[in-house]
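Structure first, then comments.
Chains as they are written, first to last, in the working numbering: chain A, -2 to 395; chain B, 72 to 398.
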């Protein structure tokens, strides 16, 4: 028997007709859009043109494919094109928003003084080579730092509580925390404004609009987010690991410290970093609590301390184009910070839960922790990893 | 969790464990107290305003708390209209992108796409806001004009101050509308809805997918018969999670809309309002009573998002299997 020497048919390959019908439909739709746009129902603007073109393109494509395919195949093709189009639209919107911010901010961003000066001698009439946004950068860093100092210990304690001491009370706390994730950020800001700033107004040591008040507002907003994300990660730690630890006679404290937390470490880090990215970009709580000033303020307890989002929001509302450029510039710096944090989270997270790094796997195999040495091959995982990555679970929106 | 229960039932608990449990429980209780304080304070302060205003709080459109003539009819409906526009736009975008990532995208591209969508959820709202106010707004007004010219007979697309026959009519009357704010908010909530849907779609059972293909189904046929029914709960739940977020969005909306305190059902017309923009714009010039009134409005918004989120998470949780690994 001779082997079949005909080339193997590739079922998923593109045929010439596919490409031609795509091009044909695109061209037809363009012509029809022009007709509709310029002749039948005239109007102006690029966005509308693109929308109409896309709708017509789908219709033309359906007709063209329908010439030589049957019903289900036509629907399959049209659906594929529609899905590709929607995804492309969303991703290009993201790219465009980021690029637009940097582009509009570029006149300000290319001056070095923009990163090292504040705006105490700068107004809407001073050119861009004077003044900058250092007060916003400093404000952002101080506020988010203080918010992290509050939320990380408290958040981790609470999420350990939720996962380690199950019971009716725990369920109640979890429900309340989940409810608080629905708190609109502006209401968090209003709460701090009314409960802290207005209440302590006449006290001997009033808490005025300051970096501290802003960090409180950010904490109120971040705390439920961090708790919820960490809780999800901690609950993913395989029960078998914990049971093995208990079986060896470890106390609950040692199990949490040596097994649960190390296993979930990268997930917890991701949770905190993503919470930070949310907190750093929030404008509304800061708007009500930080106050605005044009000069650098390093004291979080006295005097207003704007953050980058607040600076963006304030500058953008000036009529002068210089201030608007500065606003976009500070938006771009903020965007850069978020990108940085996001990249960091991506590097740390993204591994399946329970899949420790090689170094940690060696440490977990250390006889000092375990009663008997555990043989752990480099490639082999001690646990059955969840197919989803930690980041998927942490990113689960609130 | 089983392990925790076992250890709780042990008779002798060591001292370190007692300290550990005490500390951890202390953390939990602290968080609970903080959360209860926030809720209690909101309720208490809001109650001052509600007692003075009574039921008219729900039906009044104006916002003049100092003359005791205020209500959330206009602002709450404004929030809802903005969120509705956002959801109508975000739903197809989110489903399409989630399907693309799970079903159509090349395997090597998937992690990058997932990152991109997650990144989009992390972009600060003020960045969306300035993009919407400085770019999108001036492009969309032409679309608005076209829609109202040819579809103005549909009530929500009507723009009262626009006369299509007037050649001098300026398109600027279409700026600062519900529609534009809704579009920007849509971009903010799409990634949230999308990541919930993507996760559910990717868990559609492989056996059923292969079964559909074996019966001669096309890819879209398989998606319609297997993936979409499997992910139906996630589509509804994810959309509602997005809705909860859209209702509370502040800065992007404040940057775009021009506030008016009447119910504005014409989504293309300039001027609308929302609860969060009301708070952002009026907290500074409010008296003590005015702050209470704002608190009441904030509380109403909070209750609304709470209900939406709760229903959403119930639907998502019911639709998903194996979320908790206790293997």
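Beta carbons are placed, not taken as given, at the ideal position from N, Cα and C, and that holds for glycine.
*Segment limits, alpha helix (DSSP H) that includes residue 1 (chain A)*: Per DSSP, residue 1 (chain A) belongs to no alpha helix (DSSP H) and is neither H nor E.
*Please list the partners that residue 261 (chain B) has in chain A, where partner means a Cβ-to-Cβ separation under 8 Å.*
87
*Taking Cβ-Cβ distances shorter than 9 Å, what residues in chain B pair up with residue 198 (chain A)?*
Those within 9 Å of residue 198 (chain A) in chain B number zero; the least Cβ separation is about 10 Å.
*For residue 333 (chain B) and residue 132 (chain B), believed in contact at Cβ under 8 Å, the rounded distance*: 5 Å
_Endpoints, the alpha helix (DSSP H) within which residue 208 (chain B) is located_ = 208 to 222
*Tell me, to the nearest whole angstrom, how far the beta carbon of residue 283 (chain A) is from that of residue 307 (chain A); I am working on the premise that it is less than 8 Å.*
5 Å
_Cβ-based neighbour list, residue 193 (chain A), same chain, cut-off 7 Å, excluding 5 preceding and 5 following_ = 204, 210 and 213
*asked:* Can you give me the C-alpha to C-alpha distance between residue 60 (chain A) and residue 258 (chain A), rounded to a whole angstrom?
replied: 59 Å
*What is the DSSP secondary structure of residue 124 (chain A), reduced to helix, strand or coil?*
coil
_Residue range of the unbroken alpha helix (DSSP H) whose run includes residue 225 (chain B)_ = Segment: none, residue 225 (chain B) is in no alpha helix (DSSP H) and carries neither H nor E.
*Determine the DSSP secondary structure at residue 369 (chain A), reduced to helix, strand or coil.*
Because the pLDDT of residue 369 (chain A) is 43, which lies under 50, any placement of that residue in the model is unreliable, and the number read from its coordinates should be weighed accordingly. Coil at residue 369 (chain A), not helix or strand.
*Residues of its chain near residue 290 (chain A), where Cβ-Cβ distance is below 8 Å and the 5 sequence neighbours each way are ignored*: 132, 300, 301, 302 and 303
*Skipping 5 residues on each side, what residues in its chain have a beta carbon closer than 6 Å to that of residue 18 (chain A)?*
61 and 62
*Residues in the stretch 297 to 309 of chain A having any Cβ partner in chain B nearer than 7 Å*: 306 and 309
*Kindly indicate the opening and closing residues of the alpha helix (DSSP H) around residue 218 (chain A).*
208 to 232
*Cβ-based burial, residue 150 (chain A) [other Cβ within 10 Å; buried from 16]*: exposed
*According to the Cβ coordinates, are residue 486 (chain B) and residue 85 (chain A) closer than 9 Å?*
This structure cannot settle anything about residue 486 (chain B), because the visible part of chain B is limited to 72 through 398.
*Cα separation between residue 328 (chain B) and residue 249 (chain B)?*
7 Å
*Give the DSSP bridge partners of residue 335 (chain B), in chain order.*
In DSSP, residue 335 (chain B) forms no bridge with anything.
_Supposed close pair residue 201 (chain B), residue 324 (chain A) - CB separation, criterion 8 Å_ = 7 Å
*Express the C-alpha separation of residue 291 (chain B) and residue 224 (chain A) in angstroms, rounding to a whole number.*
39 Å
_For residue 358 (chain B) and residue 29 (chain A), I'd like the C-alpha separation in whole angstroms._
59 Å
_Same chain only: Cβ atoms within 8 Å of residue 350 (chain B), ignoring 5 sequence neighbours per side_ = 321, 365, 368 and 369
*Going by the beta-carbon positions, is the gap between residue 310 (chain B) and residue 170 (chain B) smaller than 9 Å?*
no
*Report yes if the CB atom of residue 153 (chain B) is closer than 9 Å to the CB atom of residue 252 (chain B), and no otherwise.*
yes
*asked:* Check whether the stretch 319 to 339 of chain A and the stretch 90 to 104 of chain A are in contact - that is, three or more C-beta pairs closer than 8 Å.
replied: yes
*asked:* Given a cut-off of 9 Å on the beta-carbon distance, is the pair residue 233 (chain A) and residue 164 (chain B) in contact?
replied: no
*asked:* Whole angstroms are fine: how far does the CA of residue 341 (chain A) sit from the CA of residue 231 (chain A)?
replied: 20 Å
_Contacts that residue 285 (chain A) makes with chain B (C-beta to C-beta distance below 7 Å)_ = 354
*Any Cβ of chain A within less than 9 Å of the Cβ of residue 286 (chain B)?*
no
*asked:* Can you list, in chain order, the residues of its chain with a C-beta nearer than 8 Å to that of residue 79 (chain A)? Leave out the 5 residues immediately preceding and following it.
replied: 55
*State the Cα-Cα distance for the pair residue 140 (chain B) and residue 73 (chain A), rounded to the nearest angstrom.*
57 Å
*Give a single yes or no on whether residue 305 (chain A) has its beta carbon closer than 8 Å to a heavy atom of the ligand HEM.*
Absence of the ligand HEM from the depicted structure is noted, as is the absence of any ligand whatsoever, leaving it without description.
*asked:* Less than 9 Å between CB atoms is the rule here; does residue 153 (chain B) satisfy it with respect to chain A?
replied: no
_As a quick exercise: from A:252, A:277, A:239 and A:159, pick the residue whose alpha carbon is nearest that of residue 226 (chain A)._
A:159
*Of the choices A:295, A:262 and A:310, whose alpha-carbon is the least far from that of residue 352 (chain B)?*
A:310
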